[in-house]
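Shown next, in structure tokens, is the structure this report addresses.
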Amino acid sequence: MEAVLVGLGLVVGAAAGAFFMGRSASSKTNARVMEAEQRIQTAKAEAEKLTAEAQQEAETARKSAVLEAKEEILRLKQESEKEEKRRKSELQRMEDRIMQREESLDHRNEALDRREEQVSKMQSSVDRRRNEVEGLYEQQEAELERISALTKEDAHREIIEKVRAETIRDEAQILRDSEQRVRAQADKTAREIVSTAIQRCAADQAGEITVTSVHIPSDDLKGRIIGREGRNIRTFEQVTGVTLVIDDTPETVILSSFSPVRRETARVALENLIADGRIHPARIEEMYHKAERLVNERIQEAGEQAAFDAGIHDLHPELIKTLGSLRYRTSFGQNVLQHSVQVSALCGLMASELGLDDGPAKRAGLLHDLGKAIDHEVEGPHAVIGADLARRYNERPSIVHAIEAHHADVEPESVLDVLVQAADAISAARPGARRESAEAYIKRLEKLEEISNAHDGVERTYAMQAGRELHVMVEPSKISDAQATVLAHEIAKQIEDEMEYPGQVRVVVIRESRAVDIAK
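This is the structure in structure tokens:
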């Protein structure tokens, strides 16, 4: 329709233009005027035709739009009717379910009402029965009190005491079983820790033995050592504080002193005098002072080396010096300084196995025998002396207590105390660690057998494993199995009280019975 209107406008415009052009050109001929009028009429007719066609197309479009609108309205109406039917059916189903639930609830309410009636009837029956039972209980209680002549409170008290006694027995049994399990587990763990520590510790086993005799080239020197009217030997003993023994032993003189440092200083001085050949009082004093300086230097170096080997770098200088003097101290032939370094290593290893700090353990192990350096000068056990010395130089209380408790002079109070005790025993008991003279060894074995044979029922006794194990044979007719256990404990206790020995002694009581007959 827009195209028709555009065409109509063009025609009208052209006609108008021609019309105005005709009027302006009055000199034109009438033919042109007529032609223009005819064109105008044609254009009008064409315009009317186009207008009619446009109107017809517009009417057709309107009708088509109206028809489409009616169809859309009809479709929407049908869809709304379907949706309405669906919702109605859904509402109907919901109403049906609600009705069913209401009916079910009504049935349940009825069942509950019936159960409530039954429960109320049962409750009344139970109350009646309870009253009857209470009456019977009171009658029986009164009858029991009459028969036993006990009141209710007395009977209750007696039952409580009986139950308590049974509970105590059960508790004791449980505690005993638990203690045995814990002890077995602890013993197994301790063995693993100790064995691991021993395997990882590579310290020397056999210690040095302090030399107390001095070899001389010939017996002629003995007279020169004694000097005119004994002045040389007197001067030597006064200056050194050591007794010089000159006897018939070939080419040997003996030094005797309770102080190992003095004895070592005297040995060095005497050897230097013999090497020098000039032996007189002034030379003796000079050589002694040189030897004293040399021994002090060795003591300082030994103490510093021991602290370095143990990994301890903050010891007081006096403690280092005292520790170094243990180089010249022995115990059962075991060098005490080497023993202290070994105990320090064992303490550190066992502390590491237990997940503890190995620093304090190593420190306590290194210082545990500190008192042996001055035990010839101070009265008392070397553990107490060492603890006092460590306390004087501001060692920590835990270290001091571990030193004091390593021979049970005081009760152990911490894991560190027990570690030092265990490491000390391990170091002393390892094969080859300690030596003793043949005479002392024989006396110790004889003493072990004597203690065992003094008990009734003992038939024979054998000291084995260098005196570390004692096998006791008993008469089966006099000693039972239970008595054998008690006998082993008594012998071990008596050995602890009456003897001194390195390590530990295992007592084994053997009871054997035989029945013999002969078939003929």
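Per numbering that gives the first Met the number 0, the very first residue in the sequence shown carries number 0; after that it's consecutive.
For glycine and all other residues, C-beta sits at the position ideal for the given N, C-alpha and C.
Since we're looking at a predicted model, the values are computed, not measured.
Proximity of residue i and residue j at Cβ, strictly below 8 Å
i, j, result
"A382", "G370", "yes"
"L348", "S339", "no"
"V342", "H367", "yes"
"A401", "A363", "yes"
"L447", "V504", "yes"
"V377", "A389", "no"
"L355", "A305", "no"
"G302", "L272", "no"
"H454", "E495", "no"
"V238", "I278", "no"
"D218", "P249", "yes"
Cβ-based neighbour list, residue i, same chain, cut-off 7 Å, excluding 5 preceding and 5 following
i, result
"S457", "As written in the sequence, residue 457 is Val, which differs from the Ser given in the question. Hits under 7 Å: S451, V471, V473."
"D516", "none"
"I478", "G456, L486, R510"
"A518", "none"
"R513", "none"
"V508", "V471, V473, A483, L486, A487"
"D480", "R510"
"A60", "none"
"A462", "L444, L447, E448, L469"
"V210", "Low confidence applies to V210: its pLDDT is 45, below 50, so where it sits in the model is not reliable, and the reading given next is rough at best. Closer than 7 Å at the Cβ level, and outside the excluded window around V210, lie R266."
"L4", "With a pLDDT of 49 at L4, under the threshold of 50, the modelled position of this residue cannot be trusted, and the question is left open."
Nearest to residue i (by Cα), restricted to the options the options
i, options, result
"L318", "A141, A386, T251, L254", "A386"
"R607", "R92, P280, R391, A60", "With the chain represented from 0 up to 519, any question about residue 607 goes unanswered, as that position is not in the structure."
"L353", "S330, V414, A372", "V414"
"E285", "A301, A268, E300, A274", "A268"
"R467", "A427, D480, K87, S476", "A427"
"V260", "G240, S88, A483", "G240"
"A265", "E291, T248, R282", "E291"
"D275", "T321, P216, L73, A68", "P216"
"E499", "K442, V419, S124", "K442"
"R395", "S123, Q464, D313", "D313"
"T329", "M93, Q464, A372", "A372"
Own chain partners of residue i with C-beta closer than 6 Å, once the 5 adjacent residues on each side are dropped
i, result
"E58", "none"
"E263", "V294, Y327"
"S351", "D357"
"I97", "none"
"S212", "T251, I253"
"G206", "For G206, the pLDDT reaches just 39, beneath the cut-off of 50, and the residue's location in the model is therefore unreliable, although a value from the coordinates is still provided. Here the set comprises Q333, N334, Q337."
Integer Cβ distance of residue i from residue j, believed to fall under 8 Å
i, j, result
"I245", "I224", "7 Å"
"H288", "T251", "The pair is not a contact, with the Cβ atoms about 25 Å apart (cut-off 8 Å)."
"F257", "H375", "4 Å"
"L365", "I311", "6 Å"
"A404", "P411", "5 Å"
"V506", "A491", "5 Å"
"C346", "V417", "The Cβ separation is near 10 Å, so there is no contact."
"D423", "P380", "In fact, because the Cβ distance is near 14 Å, the residues do not count as touching under 8 Å."
Contact test: residue i Cβ vs the ligand NAP heavy atom, cutoff 7 Å
i, result
"S324", "Looking for the ligand NAP in the displayed structure turns up nothing, as the structure carries no ligands at all."
Close beta carbons around residue i, own chain, < 8 Å, minus the five adjacent residues each side
i, result
"E236", "T242, L243"
"T460", "L447, E448, S451, N452, L469, H470, V471, M472"
Which ranges does the alpha helix (DSSP H) cover as unbroken runs of at least 4 residues, wholly within the segment 314 to 382, from first to last along the chain?
316 to 324, 335 to 352, 357 to 366
Quick one: complete beta strand (DSSP E) runs, 3+ long, within the segment 233 to 259? 242 to 244, 251 to 255
Checklist line | Complete runs of the alpha helix (DSSP H) confined to the segment 57 to 132 [at least 4 residues] | finding: none
Self-check item: Every unbroken alpha helix (DSSP H) within the segment 477 to 516, with a cutoff of 4 residues, ordered by chain
Solution: 480 to 497
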